[in-house]
Amino acid sequence: MKFRLRIDIPENVKRTIGIFLFVIALAWFFNSIGLPATMSKRPCSIHLFGQTERASIALNYSERDMNFFLPRIHKFDHGDDGITGMEFPLVPYVPAICYKLFGFNEIYYRGFVLLIIVAGLFLFYQLVYSVTKSYVLSLGLIAAAYFSPALIFYSNNFMPDVPSLGFVLAGWYYFFKFLRNEQNKKYFRIYWLLMLLGILIKITSFISLTAVIGLVILDSMGFFKKTSERGFLFSKNQKRTIIVGYILTILLVAAWYLYARWLSNHYKNAGFLLSQTVETAWAEIVGIWSYINKVHKYEYFTYEGYVLFGSLFTVLLLGYKFVSRLYFTITILILIGNLIFICLFFSQFHDHEYYIIPLLPFIFMLVLTFGDFLQRVSLRFSRLIYFAFLVILFFNLKESAAACKKDFTLKYEPKYIRWVSDFESYWDLEPKLRKLGIKNTDYTLAGFDKSFCNSLYLMNQLGYSFDEKISKEDLKKLIENPRYKYLVISDSTKFNAFYPNSFSQNIVTTHRGLIVYKLR
Amino acid sequence: MSVKKALRLFLFFICLFCMASCSRTTVMVDELMQGSGRTSPGGILVKDSVVKEHVFIRLDSTAMFGPLYTYHLQPEDKNKPIRLIITGKARDNYVRCNGTITYFLNDTASQYNWDGSNILYHITDLNKWCYFREEIQLMKNSSQAPYTKICVQAFLPNARGERFDLDSVNIKLVRTN
Numbered sequence: 001m002k003f004r005l006r007i008d009i010p011e012n013v014k015r016t017i018g019i020f021l022f023v024i025a026l027a028w029f030f031n032s033i034g035l036p037a038t039m040s041k042r043p044c045s046i047h048l049f050g051q052t053e054r055a056s057i058a059l060n061y062s063e064r065d066m067n068f069f070l071p072r073i074h075k076f077d078h079g080d081d082g083i084t085g086m087e088f089p090l091v092p093y094v095p096a097i098c099y100k101l102f103g104f105n106e107i108y109y110r111g112f113v114l115l116i117i118v119a120g121l122f123l124f125y126q127l128v129y130s131v132t133k134s135y136v137l138s139l140g141l142i143a144a145a146y147f148s149p150a151l152i153f154y155s156n157n158f159m160p161d162v163p164s165l166g167f168v169l170a171g172w173y174y175f176f177k178f179l180r181n182e183q184n185k186k187y188f189r190i191y192w193l194l195m196l197l198g199i200l201i202k203i204t205s206f207i208s209l210t211a212v213i214g215l216v217i218l219d220s221m222g223f224f225k226k227t228s229e230r231g232f233l234f235s236k237n238q239k240r241t242i243i244v245g246y247i248l249t250i251l252l253v254a255a256w257y258l259y260a261r262w263l264s265n266h267y268k269n270a271g272f273l274l275s276q277t278v279e280t281a282w283a284e285i286v287g288i289w290s291y292i293n294k295v296h297k298y299e300y301f302t303y304e305g306y307v308l309f310g311s312l313f314t315v316l317l318l319g320y321k322f323v324s325r326l327y328f329t330i331t332i333l334i335l336i337g338n339l340i341f342i343c344l345f346f347s348q349f350h351d352h353e354y355y356i357i358p359l360l361p362f363i364f365m366l367v368l369t370f371g372d373f374l375q376r377v378s379l380r381f382s383r384l385i386y387f388a389f390l391v392i393l394f395f396n397l398k399e400s401a402a403a404c405k406k407d408f409t410l411k412y413e414p415k416y417i418r419w420v421s422d423f424e425s426y427w428d429l430e431p432k433l434r435k436l437g438i439k440n441t442d443y444t445l446a447g448f449d450k451s452f453c454n455s456l457y458l459m460n461q462l463g464y465s466f467d468e469k470i471s472k473e474d475l476k477k478l479i480e481n482p483r484y485k486y487l488v489i490s491d492s493t494k495f496n497a498f499y500p501n502s503f504s505q506n507i508v509t510t511h512r513g514l515i516v517y518k519l520r
Numbered sequence: 521m522s523v524k525k526a527l528r529l530f531l532f533f534i535c536l537f538c539m540a541s542c543s544r545t546t547v548m549v550d551e552l553m554q555g556s557g558r559t560s561p562g563g564i565l566v567k568d569s570v571v572k573e574h575v576f577i578r579l580d581s582t583a584m585f586g587p588l589y590t591y592h593l594q595p596e597d598k599n600k601p602i603r604l605i606i607t608g609k610a611r612d613n614y615v616r617c618n619g620t621i622t623y624f625l626n627d628t629a630s631q632y633n634w635d636g637s638n639i640l641y642h643i644t645d646l647n648k649w650c651y652f653r654e655e656i657q658l659m660k661n662s663s664q665a666p667y668t669k670i671c672v673q674a675f676l677p678n679a680r681g682e683r684f685d686l687d688s689v690n691i692k693l694v695r696t697n
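Chain order of the listed sequences is A and L.
Heads up, the first sequence stops at 520 in this note's numbering, and the numbers go up one at a time, no gaps.
Heads up, the second sequence stops at 697 in this note's numbering, and the numbers go up one at a time, no gaps.
The following block contains the structure:
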């Protein structure tokens with residue numbers, strides 16, 4: 001006679017335990033990598049250029065004008081207002097409201113970005129649970145997908161890629177809700193809105209929405225005839241809704257980017273890259289590929305991550321019989337979209353490791369597909385398969401987490417911060433300038449700054465920055481321009497080589513290697 | 521209160537407790553204070569103009585070193601990440617201060633690493649004492665780099681009229697587990 005102990009836990013208690021597990025795991029992981037200590041840090045480390053631009057938009061909203069449709073930046077390229085075109089500025093706008101309410105602190109910006117990705121991860125975790133019916137497995141799979149050093153580093157950063165991914169992950173959760181509850185239009189609206197926001201923030205996220213259109217086309221061709229109980233995936237009504245939503249998204253996104261371009265041209269201030277180049281020269285492509293292999297390979301995923309995802313994909317291909325056609329089709333469609341994007345804009349991957357982030361829905365869909373596969377296989381054959389996989393996953397995650405922690409710690413090391421972008425001296429210059437009676441509207445020249453507005457944003461001064469490439473004539477013109485009242489120089493020896501006229505009588509203050517001169 | 525509510529409340533407090541107790545464990549390995557931990561002379565000892573008994577270190581010529589602080593690694597430090605925390609006061613008369621705090625990891629035969637932190641980032645005012653704190657993560661004492669001691673020393677690579685003063689230097693070595 002066999003005895004089996006079975007405890008039936010009510011669904012809402014299970015749900016509470018699931019939430020508890022997620023919160024604990026996340027809190028433990030963030031603490032172990034030292035994320036809380038970085039929350040109130042000023043923009044620093046790698047890709048400071050892009051970080052300060054977004055942070056500058058938020059600060060200008062709160063200090064100058066809250067008009068959502070006129071984003072401003074600290075540097076006046078050629079225009080007078082600093083108004084510039086950019087991606088949809090929702091992410092800088094929310095922290096700007098917090099700056100207005102509670103005072104300036106970049107923790108609100110970092111916190112908002114972190115909140116979006118955590119919400120996205122949580123909803124996707126719920127989605128994986130709805131398939132696997134195991135919170136432990138869902139948590140493990142979500143952790144595997146999240147353990148990308150690039151994704152972790154930018155999780156509390158100023159770049160738009162992570163919020164876009166957060167919206168897309170949440171969007172997928174509501175897409176499946178919409179698929180299961182045809183009558184409830186609310187889910188479609190939420191799904192569509194989240195996807196739209198994701199795409200407006202980072203256009204690469206269009207891949208996920210296009211994958212849904214791919215599903216509609218395949219469904220119309222009878223691809224899901226055998227697997228779906230109804231004989232089809234989408235009803236006619238659902239198809240119509242999806243297509244209308246897709247067209248509307250294209251129109252809205254196109255409208256925003258046309259408007260952004262118009263803003264940049266009209267106000268003569270092009271702070272953001274609103275177009276991308278297609279690389280066609282073979283030698284260049286090979287060069288970029290070898291650079292990625294050398295520098296970015298383990299920033300995308302850890303070694304353990306590559307092994308895991310490669311294995312999952314291979315297992316899914318081998319065990320195709322037990323794979324959900326719907327989930328696997330979405331995974332493949334996203335993969336195709338990713339490959340097309342990579343082929344078209346390969347040159348962008350040279351210096352931008354974070355370009356991998358909007359392509360990550362593929363990994364999330366892969367783990368979802370695998371979760372479903374594992375559930376089916378373990379129910380069909382043996383529960384041992386499920387436990388064996390959990391053991392493998394545990395050791396894989398352990399190593400992966402350690403590698404992610406190493407990468408995250410390195411990127412916030414003072415030595416690394418100084419090496420990649422030497423702007424630490426500007427971090428606390430603003431209070432000193434204000435004490436001396438210098439207002440942030442007193443137009444300031446800042447040299448030498450290769451970025452767009454690193455120095456100007458960090459010291460919160462409106463004006464113009466220049467680098468070593470500036471000609472002597474242009475520098476002379478700038479200094480003689482009556483608009484500029486102050487000059488902040490990071491290297492006086494270098495500056496004197498350009499502009500031998502001595503300003504030594506006009507020094508207002510010095511600060512951590514910087515010299516502030518009064519021009520007039 | 522229903523059982524479900526009680527369970528939720530219990531889990532919430534467990535959550536809070538775990539979040540609060542998550543922290544990195546660190547062990548203080550050694551602490552070297554200016555004057556007590558030095559193993560070789562270096563720099564010029566200058567008497568304070570206000571408190572005559574108090575002395576600080578001055579570096580004022582090219583390639584001048586300050587006193588050397590040495591820590592010999594213990595068996596329990598093997599393969600453990602060590603963090604060097606240097607605090608103190610610095611003063612300089614040159615805007616782009618050249619003064620650095622250097623560290624080197626070596627054994628009797630080889631030197632595995634030589635690096636430093638520029639004090640420039642801490643000099644907020646010229647000719648005034650400015651407090652500083654520098655944290656440096658040292659490489660692991662592994663089979664590839666079997667160093668036996670950690671040395672810390674102030675260094676002025678380039679002077680040209682510059683006076684780099686250091687006072688109340690405290691060097692902590694912390695082992696992260």
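For every residue, glycine included, the Cβ atom is placed at its ideal position computed from N, Cα and C.
| Query | Result |
| --- | --- |
| Per-residue burial, S524 of chain A [other beta carbons within 10 Å of its own, 16 or more giving buried] | A question about residue 524 of chain A goes unanswered here, because the residues of chain A that appear run from 1 up to 520. |
| Short Cβ contact (9 Å threshold) for L165 of chain A with G198 of chain A | yes |
| Three-way DSSP call (helix, strand, coil) for K529 of chain A in this model | Residue 529 of chain A is absent from the structure shown; chain A starts at 1 and stops at 520. |
| 9 Å Cβ cutoff, N638 of chain L in contact with chain A | yes |
| Closer than 7 Å at the beta carbon, the chain A residues around E655 of chain L | P414 |
| First and last residue of the uninterrupted beta strand (DSSP E) at H592 of chain L | 584 to 592 |
| Distance between D491 of chain A and I515 of chain A (C-alpha atoms, nearest Å) | 8 Å |
| Identity of the residue in A:V377, A:I292, A:R483, A:K476 nearest A355 of chain A by Cα | Looking at the sequence shown, residue 355 of chain A is not Ala but Tyr. Minimum Cα distance to Y355 of chain A is reached at A:I292. |
| R418 of chain A versus S134 of chain A - alpha carbon distance | 45 Å |
| Contacts that R512 of chain A makes with chain L (C-beta to C-beta distance below 8 Å) | L640, Y641, H642, I643, T644 |
| Reference F521 of chain A, options A:L258, A:D407, A:Y108, closest by Cα | Within the shown structure, residues of chain A are numbered from 1 to 520, placing residue 521 of chain A beyond reach of any answer. |
| Cβ of I438 of chain A within 9 Å of any chain L Cβ | no |
| Meets three-Cβ-pair contact criterion under 8 Å: the segment 396 to 412 of chain A and the segment 136 to 147 of chain A | yes |
| Spatial neighbours of F122 of chain A in its chain, beta-carbon cut-off 7 Å, leaving aside the 5 residues before and after | F22 |
| Coil, strand or helix - H352 of chain A by DSSP | coil |
| Close beta carbons around K268 of chain A, own chain, < 8 Å, minus the five adjacent residues each side | D77, H78, G79 |
| D8 of chain A at chain L interface by Cβ criterion, 9 Å | no |
| L676 of chain L: contacting residues in chain A (beta-carbon distance under 9 Å) | Neighbours of L676 of chain L on chain A: none; closest Cβ ~15 Å, over 9 Å. |
| Y632 of chain L - DSSP class collapsed to helix/strand/coil | strand |
| Inter-stretch contact at 8 Å, needing at least 3 Cβ pairs: the segment 378 to 396 of chain A / the segment 335 to 344 of chain A | no |
| Proximal residues to P358 of chain A (C-beta, below 7 Å), its chain only, five neighbours per side dropped | D161, S164, L165, K202, T204, S205 |
| DSSP three-state assignment for K600 of chain L, whether helix, strand or coil | coil |
| Residues bridged to I656 of chain L [DSSP beta-bridge criterion] | L:L604 |
| Contact set between the segment 476 to 506 of chain A and chain L, restricted to residues whose Cβ is under 8 Å from the partner | D491, S492, T493 |
| Per-residue burial, S138 of chain A [other beta carbons within 10 Å of its own, 16 or more giving buried] | buried |
| Distance cut-off 8 Å: K494 of chain A Cβ against heavy atoms of the ligand GTP | Only the bare structure without any ligand can be found here, which leaves the ligand GTP out of the picture. |
| C-beta neighbour in chain A for R611 of chain L, strict 9 Å | no |
| Helix, strand or coil at V547 of chain L according to DSSP, with G and I counted as helix | strand |
| First through last residue of the alpha helix (DSSP H) which encompasses C44 of chain A | Element bounds for C44 of chain A: n/a, residue is neither H nor E. |
| Residue nearest to M66 of chain A in terms of C-alpha spacing, selected from A:C98, A:F309, A:Q51, A:M39 | A:C98 |
| Buried/exposed call for S504 of chain A, threshold 16 Cβ in 10 Å | exposed |
| Top-ranked residue by Cα proximity to L429 of chain A, from A:K415, A:Y416, A:L456, A:Y412 | A:L456 |
| Neighbour flag for C617 of chain L against chain A, beta carbons, 9 Å | yes |
| Rounded separation between F224 of chain A and L215 of chain A - CA only | 9 Å |
| Residue-level contact to chain A via CB, L531 of chain L, 9 Å cutoff | yes |
| Sequence-distant residues of the same chain with beta carbon closer than 7 Å to E654 of chain L, five excluded per side | I606, I621, S637 |
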